[in-house]
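Scroll down for the structure; my scribbles are underneath it.
Protein chains in written order, with full-length UniProt numbering: chain A, 1 to 248; chain B, 1 to 211.
Put into C-alpha cells, the structure is as follows:
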C-alpha cells in the first residue's frame, strides 16, 4: 500500500481533468476510492508507450486498460464498492457492458470518426499534446482504430453502408442515455449516496461528451436534455475535481 | 444457439409458429423477437422502465462476455480450432472451400477480438471473465425461477441459449462448462426451462438433453 502509484493519462480541457474517457474513468475511481495517484499528464516529453493510455505503474507492476487498473486498485484495498450488495455488484457489470456496447461506439464516432469533429477539435488537441513525429502518426492511428472498432462490431449485415451503421449507433446511444437517466432518477449516484465503480464509468463516458465543444453535436444535444445526467457530471466535477471551469 | 433461444421465445409466446431462421450467427435474438413484438406480444411487457433498463444491461453483459468467450474458444484456442471447429465449420463444403472458409472465419473472429481488446487475452483470462459473468447472472437470478421473477423474458431466453450451448457443445476441454456448473441455480434454471418448454411431455419441438 505504501508503493507510490503513478498514472499516465491524457490531460484535461473544457473544465475536465481529462478529455479521454478511459483516463477519466480511472481518475474518477481513484478519487472515489481514495487511492493516492500521482497523475502524469501526457505532454511533449512523452516517448510513446507499449500499452494503451491510461497506464498505471507501481514499483514493478504496469497495468493498462481501465478494468484491469480498477481491479488492481481494488486488490490494493482501494475499493469504492465495499458497501454494495452482491446483486448491486452484478448490476454494475451489466451496466458497464451496456455502456461499452451501446454508448461507446457513438462516443468514439463523435470524437474520432465524424470528420468535422475530428479535424477541427480532436486531432489538433491530441497532436498538440505529444511530440513530433508522434503527433503526425498517433491521432490518425487512434482514429483508424475507433472506426475499425465501430465497423467490426456494428457493421454486420443488414448494414452494409457506414451511414446506416452511424444511424444505428446513434440510435443505440440515445436509447442508452435514456436508460441511464431512468435508472439514475433523482439519486445522487447510481447506488445511493456513495459513488462506486459504475459512477466512475458513467462519468468517464458522459463527461467528455457533455463538456467538449464540437461542431457536430447531435448526441451532446440529446444528453443535455437529460438534466439529471448533466447534474450527475457537474456534481462529481465540483465535489471531486475542484477545478475552476472555463466556460464553454 | 440463436435457434434454441428463438425457439424458447416462440414457445413462451405460445401462439406464434416457430420460424426457421437460417442465420447461424450467434448474436441477438433479432428476427423472432421482432416478429413476436409485431404480433403484439412482448415478453417484457410487464416490466417497468427501470426493469427494462436492467434487462437490456444484462443482455449486453451476456453478449459481451459469454458470446465473445464462446467465439474465442471456438476460433482462437488452437487446440479446439484444430480438433473440432475447423472441420465442423468446413464440413458442408468440398475441398478446398472447406479450408478456405474456415480460415477466413478464423481470421474474421480474430480481427474482431483484437478490435474489442480481447486480442491479447489468454485462455485463463477468458475463463475468468466467463466465471465473473456467471457469478453476476447467478447473483441476479438468486432463488427466483426466472430473472424477472415469475415470467420469462428475452433475457431468460438469451441466457438459456448461451448456457445450454456451453453445457452441451463438445470442446477439447471441459473448463468452460465446468465454470457454469459451479453455479447450481444456473444449472437448475437451464433444467427448468428445458423441462417446461422442451420436455417430452412439453410443447417443445426440439429434444434437448442436459448432461
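Backbone N, C-alpha and C define an ideal beta-carbon position, used for all residues, glycine too.
Spatial neighbours of residue i within its chain, please: CB distance less than 6 Å, with the 5 preceding and 5 following residues excluded, ordered by chain position.
| i | result |
| --- | --- |
| residue 121(A) | 214 |
| residue 174(A) | 222 |
| residue 126(A) | 139 |
| residue 81(A) | 196, 197 |
| residue 38(B) | Caution is warranted here: a pLDDT of 49 is assigned to residue 38(B), below 50, making its placement in the model unreliable, and the coordinate value is therefore given only provisionally. Correct list: empty, nothing qualifies. |
| residue 241(A) | 17 |
| residue 46(A) | 130 |
| residue 57(A) | 6 |
| residue 189(A) | 195, 199 |
| residue 88(A) | 191 |
| residue 174(B) | none |
| residue 40(B) | With a pLDDT of only 49 at residue 40(B), under the threshold of 50, the placement of this residue in the model should not be trusted; the figure read from the coordinates follows. Nothing meets the Cβ criterion. |
| residue 98(B) | 90 |
| residue 59(B) | 155, 158 |
| residue 123(A) | 139 |
| residue 69(A) | 26, 56, 63 |
Could you name the residues of the same chain whose beta carbon sits closer than 8 Å to that of residue i, not counting the 5 residues immediately before and after it, in chain order?
| i | result |
| --- | --- |
| residue 22(B) | Only weak support is given to the placement of residue 22(B): the predicted model assigns it a pLDDT of 36, under 50, and the question is left unresolved by the model. |
| residue 105(A) | 149, 150, 153, 154, 169, 172, 173 |
| residue 146(A) | 108, 109, 111, 112, 113 |
| residue 233(A) | 203, 206, 207, 210, 211 |
| residue 224(A) | 210, 230 |
If I'm right that residue i touches residue j with Cβ under 8 Å, what's the distance once you round it to whole angstroms?
| i | j | result |
| --- | --- | --- |
| residue 57(B) | residue 94(A) | 4 Å |
| residue 153(B) | residue 55(B) | 6 Å |
| residue 212(A) | residue 14(A) | 5 Å |
| residue 65(A) | residue 117(B) | 7 Å |
| residue 11(A) | residue 129(A) | 6 Å |
| residue 109(B) | residue 47(B) | Residue 109(B) to residue 47(B), Cβ: 34 Å. No contact. |
| residue 49(A) | residue 8(A) | 7 Å |
| residue 228(A) | residue 184(A) | 5 Å |
Once the 5 residues before and after residue i are set aside, which same chain residues still bring their CB inside 7 Å of it?
| i | result |
| --- | --- |
| residue 51(B) | 148 |
| residue 61(B) | 133, 136 |
| residue 80(B) | 73, 74, 171, 172 |
| residue 21(A) | 107, 204, 205, 208 |
| residue 187(B) | 181 |
| residue 77(B) | 123 |
| residue 102(B) | 86, 89, 90 |
Which residue's Cα is closest to the Cα of residue i: the options?
| i | options | result |
| --- | --- | --- |
| residue 181(A) | 166(A), 79(A), 202(A) | 202(A) |
| residue 200(A) | 38(A), 79(A), 118(A) | 79(A) |
| residue 6(A) | 21(A), 12(A), 38(A), 31(A) | 38(A) |
| residue 163(B) | 155(B), 151(B), 180(B), 129(B) | 180(B) |
| residue 40(A) | 29(A), 31(A), 53(A) | 53(A) |
| residue 101(A) | 182(B), 65(B), 48(B) | 65(B) |
| residue 119(A) | 143(A), 178(A), 19(A) | 143(A) |
| residue 167(B) | 189(B), 93(B), 196(B) | 189(B) |
| residue 67(A) | 86(A), 85(A), 25(A), 59(A) | 25(A) |
| residue 129(B) | 90(A), 165(A), 161(A) | 90(A) |
| residue 140(B) | 115(B), 176(B), 83(B), 183(B) | 183(B) |
| residue 177(B) | 84(B), 49(B), 131(B), 150(B) | 131(B) |
| residue 166(A) | 136(A), 219(A), 184(A) | 219(A) |
Which bits of chain B does residue i rub up against, with CB to CB less than 9 Å?
| i | result |
| --- | --- |
| residue 236(A) | The premise fails here: residue 236(A) is roughly 21 Å from chain B at the closest Cβ pair, so nothing lies under 9 Å. |
| residue 89(A) | 135, 136, 139 |
| residue 65(A) | 117 |
Which residues of chain A have a Cβ atom closer than 7 Å to the Cβ of residue i, listed in chain order?
| i | result |
| --- | --- |
| residue 50(B) | 182, 183 |
| residue 61(B) | 93, 94, 97 |
Listing by chain order, which chain B residues have their CB less than 7 Å from the CB of residue i?
| i | result |
| --- | --- |
| residue 332(A) | What the structure shows of chain A is the stretch from 1 to 248, and residue 332(A) is not part of that stretch, so it cannot be assessed. |
If the cut is a Cβ gap below 8 Å, which residues of chain B does residue i touch?
| i | result |
| --- | --- |
| residue 83(A) | Within chain B, no residue comes near residue 83(A); the closest Cβ sits about 16 Å away, beyond 8 Å. |
| residue 86(A) | 139 |
Could you tell me which chain A residues have their CB closer than 9 Å to the CB of residue i, listed as they occur along the chain?
| i | result |
| --- | --- |
| residue 157(B) | Residues of chain A passing the Cβ test: none, with the nearest at roughly 16 Å. |
| residue 116(B) | 100, 149, 152, 153 |
Just the chain A side, please: which residues come within less than 8 Å of residue i by C-beta, in chain order?
| i | result |
| --- | --- |
| residue 64(B) | 97, 100, 101 |
| residue 132(B) | 93 |
| residue 112(B) | 152, 153 |
Alpha helix (DSSP H) runs wholly inside the region 143–211 of chain A, at least 4 long, in chain order: 162–184, 197–211
field: In chain order, each alpha helix (DSSP H) run of at least 4 residues that lies wholly inside the region 50–130 of chain A
entry: 66–75, 86–98, 104–108, 123–127
query: What residues in the region 95–123 of chain A bring their beta carbon closer than 9 Å to a beta carbon of chain C?
result: Of the protein chains in the structure, A and B, none is chain C.
message: As an exercise, report each continuous alpha helix (DSSP H) stretch of at least 4 residues that is fully enclosed by the region 42–73 of chain B, in chain order.
response: 49–61
task: Only counting runs of 4 or more residues, tell me where the alpha helix (DSSP H) segments fall wholly within the region 83–139 of chain B, in order along the chain.
output: 86–90, 97–115
query: Which ranges would you report for the alpha helix (DSSP H) in the region 140–209 of chain B if only whole runs of at least 4 residues count?
result: 154–168, 175–181, 184–198
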